[in-house]
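What follows is one structure encoded as structure tokens, with my remarks underneath.
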Amino acid sequence: MKAKYYQLLLLFFCLLVTAPATAQHKKTKRKKPKTTTTVQSQQPFRIIGYFSNWGPVSKIKFENITCVNFAFLKPMPDGTILNEKANDKLYDIVAQAKPYHVKVVGALGGQYTDKTFTKITSNESLENTFVDNVMAAVDKYQLDGIDLDWEYPQFNSDEPQKLVILTKKLSDRLHQKGKILSIAIHAKPKWGVLALNDLYPLADYFNIMAYDDMDHPAHSSYDFAVTSLNYWIVDRQLPREKANLGLPTYGRNPKVVPPYYKDLISKGADPDADLFNGVYYNGKGTIKKKVDLALRNVGGIMIWEINGDSDDETTSLIKAMKDETRDYQRSQIKNMANVRSIE
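Going left to right, the sequence shown walks through residues -23 to -1, 1 to 320 as mature numbering (1 follows the signal peptide of the UniProt record, and there is no 0) numbers them.
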């Protein structure tokens, strides 16, 4: 009888000891509450500057940007990359960028290369050769990635889908090596429809070219920036953290060749205004306002292009962009998942 009593007592004691542990174990299995993803939880704010290969490398102020997009690596109809002497500047750019931890990306394509992309993507063997040559250029120049700039696939064709196929091949190869893939996209719906949503998971970010609005004299107004972001972020559901708002360093007037901002300033334009002798441009005030818009809503900004900026720090647009981001508290960014429109 005593033995049975002690057995029961021992069993009771064991239950007391294991019960809290079991309860604790059950607690650990509870699902954590879902958290809302915001831009600041993803990565630092991007400041990407396109650098045209005809300019001097000394124009690049690495302390003011996070990435240089070298424009352009030109595709050729035979699937090779044009071996321009200007491409050798990449060696200097990469070497000078390293101490600043600035990435260097090769912008592939550009204006007037649409027919070349059409030919390359119409032949699978040629397309594969082209991708191999792109990767060879990445290795040769020690690039951090590629920016795909097909301007633009044709309407009423299968070319938008061919862009997806090419992007998928580049994405697979680049991401295997830990490299970046970005895509330049038009800001307006008319041309934006040529970039399918299928591209979203394939690229790391998208450079929205929010300038050259030929329907208005002010080709890159603040309102156009807002409209562009609403189209891509709200209507097209491009992930906010993948979007970069494009900013220009040049002006426009239909009667003249688009002048660089630096040339307008040298002729007497006000760095804080937006109009000089009939030429509309973005002065520092508008640029700062756009940077604030981007800081509140997307993952970064993109600049076309570095050569157009003023060398004087007091009038430099890119310096103004950097200054505007430096002290901004990213914690101020809105709850991105719940914002229905951008203002």
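Each residue gets a CB set at the ideal place from its N, CA and C atoms; glycine is no exception. As the structure is a computational prediction, the values presented were derived from the model and not from experiment.
{"Query": "Taking only runs of the alpha helix (DSSP H) that begin and end inside the segment 215 to 254, which ones reach a length of at least 4 residues, in chain order?", "Result": "238 to 243"}
{"Query": "Helix, strand or coil: which one does DSSP assign to ARG150?", "Result": "helix"}
{"Query": "How many whole angstroms separate the CB atoms of ILE97 and ILE278, which I take to be in contact at a CB cut-off of 8 Å?", "Result": "Between ILE278 and ILE97 the Cβ distance is about 30 Å, and since that is not below 8 Å, they are no contact."}
{"Query": "Taking the C-alpha atoms as reference points, what is the distance between ALA48 and GLY32?", "Result": "10 Å"}
{"Query": "Please give the ranges of any alpha helix (DSSP H) in the segment 48 to 90, keeping only runs that are unbroken, at least 4 residues long and fully inside the region.", "Result": "66 to 74"}
{"Query": "Distance check for LYS66 and ILE58, CA to CA, integer angstroms please.", "Result": "15 Å"}
{"Query": "Give every residue of the same chain whose Cβ lies closer than 7 Å to the Cβ of ASP286, excluding the five residues on either side of it in the sequence, and list them in chain order.", "Result": "THR226, TYR238, LYS239, SER293, LEU294, ILE295"}
{"Query": "Are the beta-carbon atoms belonging to TYR89 and TRP281 less than 8 Å from one another?", "Result": "no"}
{"Query": "My output table needs one value for ASP200: the three-state DSSP class, helix, strand or coil.", "Result": "helix"}
{"Query": "DSSP on PHE28, reduced to helix/strand/coil?", "Result": "strand"}
{"Query": "Compare the beta carbon distance of ASN184 and ILE162 with 8 Å and say whether it is the shorter of the two.", "Result": "yes"}
{"Query": "Could you check where the beta strand (DSSP E) with PHE183 kicks off and where it finishes?", "Result": "182 to 186"}
{"Query": "Ignore the nearest five residues each way along the sequence and tell me which others in LYS51's own chain have a CB closer than 6 Å to its CB.", "Result": "LEU59"}
{"Query": "Please report how far the alpha carbon of GLN73 lies from the alpha carbon of TRP127, in whole angstroms.", "Result": "28 Å"}
{"Query": "With DSSP run on the structure shown, which of helix, strand or coil describes ASN100?", "Result": "coil"}
{"Query": "Just reading off the alpha helix (DSSP H) that TRP168 is part of, what are its end residues?", "Result": "166 to 169"}
{"Query": "Let's test the definition: count the other Cβ atoms within 10 Å of the Cβ of GLY87 and tell me whether it reaches 16, buried, or not, exposed.", "Result": "buried"}
{"Query": "Cα separation between ASN274 and VAL82?", "Result": "24 Å"}
{"Query": "Thinking C-beta only, is ILE160 closer than 8 Å to ASP121?", "Result": "no"}
{"Query": "Taking three-plus beta-carbon pairs below 8 Å as touching, is the segment 206 to 226 in contact with the segment 247 to 255?", "Result": "no"}
{"Query": "So is ALA113 buried or exposed if we call it buried at 16+ other beta carbons inside 10 Å?", "Result": "exposed"}
{"Query": "Rounded to whole angstroms, how far is the Cβ of LYS299 from the Cβ of ALA202, which I believe are closer than 8 Å?", "Result": "At roughly 18 Å, the Cβ-Cβ gap does not stay under 8 Å, so LYS299 and ALA202 are not in contact."}
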